[in-house]
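Number of protein chains: 2
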Amino acid sequence: MLIRKLDGIAQLSDEERRAIAQLPVTVRPLGPHQDIVREKDKPSQCCLLLDGWACRYQILSEGKRQIFSFHIPGDIPDLHSLHMRVMDHGVCTLSSAIVAFVPHEPLRDLTAAFPGIAAILWRDTLVDAAIFRAWMTGLGRRTASEAVAHLFCELYLKLQAMGLARDHAYRLPLTQSEIGDALGLSNVHVNRTLRELRGKDWITLQGGRLEINKWQELANSCDFDPAYLYLERRIA
Amino acid sequence: MLIRKLDGIAQLSDEERRAIAQLPVTVRPLGPHQDIVREKDKPSQCCLLLDGWACRYQILSEGKRQIFSFHIPGDIPDLHSLHMRVMDHGVCTLSSAIVAFVPHEPLRDLTAAFPGIAAILWRDTLVDAAIFRAWMTGLGRRTASEAVAHLFCELYLKLQAMGLARDHAYRLPLTQSEIGDALGLSNVHVNRTLRELRGKDWITLQGGRLEINKWQELANSCDFDPAYLYLERRIA
DNA sequence: CGTTGACTTGATAAAGCTCAAATTTGGTGG
DNA sequence: CCACCAAATTTGAGCTTTATCAAGTCAACG
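Here's what the structure looks like:
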């Protein structure tokens with residue numbers, strides 16, 4: 001299956017490739033804003049995003065929401081559930097999406113049989129954690145416009161690495177409220193921040209399509225350093 | 001060595017125990033506020049904290065600092081370096097500390113030979129990521145006093161699980177600036193927040209010792225739900 | 001063509017920052 | 001034991017950033 005798409009990260013032996021291809025998967029199309037896993041669930045499978053966007057989030061009292069990450073095709077947003085029984089957060093689609101479910105059992109067997117595959121998947125969850133850290137500094141130490149700029153840069157590189165974006169432009173199926181919930185801002189303030197970035201002509205954003213007109217300026221303004229995405233291998 | 005301390009998380013076979021005990025380690029005492037690994041380093045070893053506190057952090061332009069996590073004895077703050085070549089952040093001591101260094105090579109061999117050990121270590125990095133997520137909601141969606149309360153509750157449970165705290169009290173070798181850098185607050189505002197918590201007599205904090213007088217009130221005020229620490233196994 | 005959800009704008013308030021100046025504390029050398 | 005120093009804590013005042021509340025616009029869609 002398309003799972004090998006993700007495993008272009010490192011070199012796989014033929015045997016490993018074969019073992020992965022034999023994993024039982026269930027492919028399912030989903031509508032937008034549909035839950036894939038909910039907080040407190042005890043899932044028995046992981047999901048590989050084949051198409052569309054998803055996010056991980058948590059709802060707090062008073063209806064506040066924190067979004068932890070955005071996910072694009074090739075990601076396995078709940079890979080961690082392989083070793084953690086209960087979800088501390090939910091996963092839901094943002095756009096309509098196509099998802100492949102892989103049961104935990106065979107996946108665990110696979111990692112036990114092939115330490116190389118285990119290392120790749122482990123590494124994937126570590127990159128995840130590195131992105132969390134980058135978001136933490138955004139939430140804690142960056143101004144609103146720096147945080148938005150940083151997010152846009154990050155998403156571009158992730159999409160580009162998967163061959164889903166080029167020329168500094170991409171489809172961005174996020175509402176301003178969703179951006180706010182990710183960056184710890186109100187939807188109103190996100191709106192003003194976007195206006196500011198548009199005003200400087202650094203970006204063009206309309207109809208769910210983002211174009212970064214001044215990559216250098218945008219990246220410099222927020223000290224964007226792509227090292228934390230650990231994309232080196234994918235480029236190769 | 002004391003590495004098995006950490007591996008009380010799950011049941012180990014004798015063989016696994018033996019293999020762990022044979023890992024080559026170098027134990028070293030360190031003074032307070034000393035770097036263990038720096039951002040952009042390419043370490044060839046991991047460090048296990050045997051005694052004292054450490055933290056992971058990143059410095060941004062203009063001297064701002066974001067602290068990502070606090071670490072206590074039993075933690076391996078840079079375990080992720082096993083699968084990521086270059087550090088995207090630094091690790092330093094907070095108090096004076098004792099650290100055991102374990103080279104990557106034999107550790108990698110160990111995980112390849114014992115998938116069970118690999119799973120435990122992997123899981124450890126996943127709990128780490130879960131704590132990052134909890135901090136993200138603190139940074140993004142909680143008020144200053146909620147965030148401080150949440151941090152104090154988290155640290156108590158982590159310390160208690162390692163047998164380093166009881167009766168809702170513990171040594172807290174952090175300055176107010178360090179707390180601020182962790183929670184995205186200025187040192188001044190941390191100070192006022194602490195005053196507020198002291199005023200309600202929820203906590204007593206002096207001379208580096210924290211006592212939580214009203215656990216229920218403190219935990220409720222910040223919606224503290226310890227599930228994300230995944231401590232179940234350790235209790236057993 | 002009316003409804004809905006997203007976006008936009010304005011006005012006001014709150015949370016938290018910065019700067020600056022005490023005050024306290026913990027150590028250190030005499 | 002005391003004087004002294006540096007670091008940490010505490011307090012005050014004014015200022016920014018961002019939140020909140022309230023309208024109003026716009027576009028998509030049945």
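Going down the list, the sequences are from chains A and B.
Note that UniProt numbering numbers the first sequence so that position 125 is 125, with each residue one more than the last.
Note that UniProt numbering numbers the second sequence so that position 22 is 22, with each residue one more than the last.
For every residue, glycine included, the Cβ atom is placed at its ideal position computed from N, Cα and C.
Note that this is a predicted model, so its numbers are computed, not measured.
Any C-beta of chain B under 8 Å from that of residue i
i, result
"threonine 125(A)", "yes"
"valine 86(A)", "yes"
"proline 43(A)", "no"
"serine 61(A)", "yes"
"aspartate 143(A)", "Here residue 143(A) turns out to be threonine, not aspartate, going by the sequence shown. So, not an interface residue."
"histidine 83(A)", "yes"
"proline 106(A)", "no"
"tryptophan 53(A)", "no"
"glutamine 58(A)", "yes"
"leucine 218(A)", "no"
"histidine 119(A)", "In the sequence under discussion, the amino acid at residue 119(A) is alanine, which differs from the histidine named in the question. True, the Cβ-Cβ gap to chain B drops below 8 Å."
"alanine 129(A)", "yes"
N- and C-terminal bounds of the beta strand (DSSP E) containing residue i
i, result
"proline 106(B)", "Where proline 106(B) is concerned, there is no enclosing beta strand (DSSP E), although the alpha helix (DSSP H) it sits in stretches over 104-113."
"glycine 54(B)", "The displayed chain sequence assigns alanine, not glycine, to residue 54(B). Where alanine 54(B) is concerned, the enclosing beta strand (DSSP E) stretches over 54-59."
"valine 91(A)", "90-93"
"residue 237(A)", "Absent from the model: residue 237(A). The displayed extent of chain A is 1 to 236, so no value can be given."
"aspartate 35(A)", "35-37"
Chain A within 8 Å of residue i, Cβ atoms only
i, result
"phenylalanine 70(B)", "no"
"leucine 139(B)", "yes"
"isoleucine 235(B)", "Caution is warranted here: a pLDDT of 45 is assigned to isoleucine 235(B), below 50, making its placement in the model unreliable, and the coordinate value is therefore given only provisionally. It does not; no Cβ of chain A falls within 8 Å."
"proline 226(B)", "no"
"phenylalanine 132(B)", "yes"
"methionine 162(B)", "no"
"threonine 175(B)", "no"
"threonine 111(B)", "yes"
"glycine 90(B)", "no"
"glycine 199(B)", "no"
"histidine 80(B)", "yes"
"glutamine 11(B)", "no"
"lysine 64(B)", "yes"
"proline 103(B)", "no"
"proline 77(B)", "no"
"aspartate 35(B)", "no"
CB of residue i within 8 Å of CB of residue j, strictly
i, j, result
"tryptophan 215(B)", "histidine 168(B)", "yes"
"glycine 116(B)", "glutamate 232(B)", "no"
"histidine 33(B)", "leucine 49(B)", "no"
"histidine 89(B)", "tryptophan 122(A)", "no"
"aspartate 41(B)", "alanine 97(B)", "no"
"leucine 107(A)", "leucine 174(A)", "no"
"leucine 110(A)", "alanine 19(A)", "yes"
"lysine 158(B)", "leucine 205(B)", "no"
"valine 25(A)", "alanine 147(A)", "no"
"arginine 195(B)", "leucine 172(B)", "no"
"cysteine 46(A)", "serine 13(A)", "no"
"methionine 136(B)", "leucine 139(A)", "yes"
"isoleucine 67(B)", "aspartate 181(B)", "yes"
"proline 103(A)", "leucine 164(A)", "no"
"leucine 126(A)", "threonine 125(B)", "yes"
"serine 91(A)", "valine 37(A)", "Checking the sequence, you will find valine at residue 91(A) rather than serine. Contact: yes."
"phenylalanine 132(B)", "alanine 129(A)", "yes"
"residue 257(A)", "alanine 112(A)", "Past the edges of chain A, shown from 1 to 236, lies residue 257(A), and the structure says nothing about it."
Beta-ladder partner(s) of residue i, from DSSP
i, result
"residue 252(B)", "Shown here, chain B extends from 1 to 236; a query on residue 252(B) therefore has no answer."
"glutamate 211(A)", "Ala169(A), Thr204(A)"
"aspartate 51(B)", "Ile98(B)"
"glutamine 29(B)", "Note on residue identity: the sequence assigns proline, not glutamine, to residue 29(B). Proline 29(B) is bridged to Ile98(B)."
N-terminal and C-terminal residue of the alpha helix (DSSP H) that residue i is part of
i, result
"threonine 193(A)", "187-199"
"glutamine 22(A)", "Where glutamine 22(A) is concerned, there is no enclosing alpha helix (DSSP H), given that its DSSP letter is neither H nor E."
"glutamine 176(A)", "176-183"
"cysteine 222(B)", "First-last for cysteine 222(B): undefined, no H or E at that position."
"glutamate 146(A)", "144-161"
Determine contact between the region 75-87 of chain B and the region 58-67 of chain B, defined as no fewer than three beta-carbon pairs at a distance below 8 Å.
no
Pair every Cβ in the region 41-55 of chain B with every Cβ in the region 130-144 of chain B, then say whether three or more of these pairs are closer than 8 Å.
no
Quick test of the definition: if touching needs 3 or more C-beta pairs under 8 Å, does the region 151-171 of chain A touch the region 200-217 of chain A?
yes
Flag this pair as touching only if the region 186-193 of chain A and the region 118-137 of chain A have three or more C-beta atom pairs under 8 Å; answer yes or no.
no
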